[in-house]
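Numbering (my numbering), first residue to last: 268 to 480. The C-beta atom is built at its ideal place from N, Cα and C for all residues, glycine as well. These notes concern the structure reproduced below.
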Ligand code: SAH
């Protein structure tokens, strides 16, 4: 588990690429510049770790493209100590970016293999999520609600109702919605029953599946 000057240099190049693609939040860019993405990928893909591309991880899942991670994180407008729920822990890379930003992170994964692997791996890098959960993200995490924000990192065919009800007033849900391709959607809870929705173009994610595996 090495993070060399070469890796650090490649990461700064990635940050420059993300700036070029329109990411402006300095804290988000700094977090991407700090998280050693190569360590979240299977060794065969090391050379590609700092290209702006998604890649396969275990259990037929993917680590999201850095641009997508940056874009979603920017929409969350993370403040230090925010209580954030992530649906789709996967490799733990997005969770690590949120930890870098000082958030209190809860993350749910439905694939047991990935849950176990990431639960052991993140603390080894010094990233201490508040809790990683093996379970079904469609239900959210009612026992820890409400959250300052919720981020879904798999393509959702619809917006699950429990996620809306687990947001604080003023809270933000960032969720890619759609079956084959997804529209990045930001929902802000304005009041108990009032939600404001914004849409931000098309992305492509692995599907949000029902129940655990
Ligand atoms: N955030 C991850 C991206 C992983 S891809 C990263 O940074 O690497 C999306 C993940 O969502 C997959 O690991 C998939 O198993 C998981 N997933 C799919 N449906 C889910 C559900 N209903 N609940 C929780 N996780 C789910």
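- The alpha carbon of residue 446 has as its nearest neighbour, out of 361, 430, 426, the alpha carbon of 426.
- Here DSSP, grouped into helix, strand and coil, assigns residue 291 to coil.
- At a threshold of 7 Å, residue 379 does not count as near the ligand SAH, since its beta carbon sits no closer than that to any of the ligand's heavy atoms.
- Comparing C-alpha distances from residue 432 to each of 461, 448, 444, 443 shows the shortest one belongs to 461.
- Collapsing the DSSP output to three states places residue 277 in a helix.
- Note: residue 323 is bridge-paired with 329 in the DSSP secondary-structure output.
- Judged by the Cβ position, residue 310 fails to qualify as a neighbour of the ligand SAH at the 7 Å threshold, every heavy atom of the ligand being at least this far.
- In this structure, the straight-line span from the alpha carbon of residue 340 to that of residue 397 is close to 18 Å.
- In the displayed model, residue 413 falls within coil according to three-state DSSP, outside both helix and strand.
- When the beta-carbon positions are compared, residue 317 and residue 344 stay at least 8 Å from each other.
- At a Cβ-Cβ threshold of 8 Å, residue 337 and residue 392 do not count as neighbours.
- The C-alpha of residue 287 is placed about 31 Å away from the C-alpha of residue 424.
- Taking residue 429 as the centre and dropping the five residues before and after it, the same chain places the C-beta of 406, 407 closer than 6 Å to its C-beta, in chain order.
- Just so you know, the alpha carbons of residue 358 and residue 469 end up roughly 23 Å apart.
- Secondary structure in the region 350-408: the beta strand (DSSP E) runs of 3 residues or longer, each lying completely within the stretch, are 350-354, 371-376, 398-401 in chain order.
- DSSP places residue 465 within a strand segment (E or B) once states are collapsed to three.
- Collapsing the DSSP output to three states places residue 445 in coil.
- Relative to the non-hydrogen atoms of the ligand SAH, the Cβ of residue 341 never comes closer than 7 Å to any of them.
- The continuous stretches of alpha helix (DSSP H) do not include residue 424, and DSSP gives it neither H nor E.
- Under a 10 Å Cβ-count criterion, residue 384 is classified as buried, with 16 or more other Cβ atoms of the shown protein chains found around its own Cβ.
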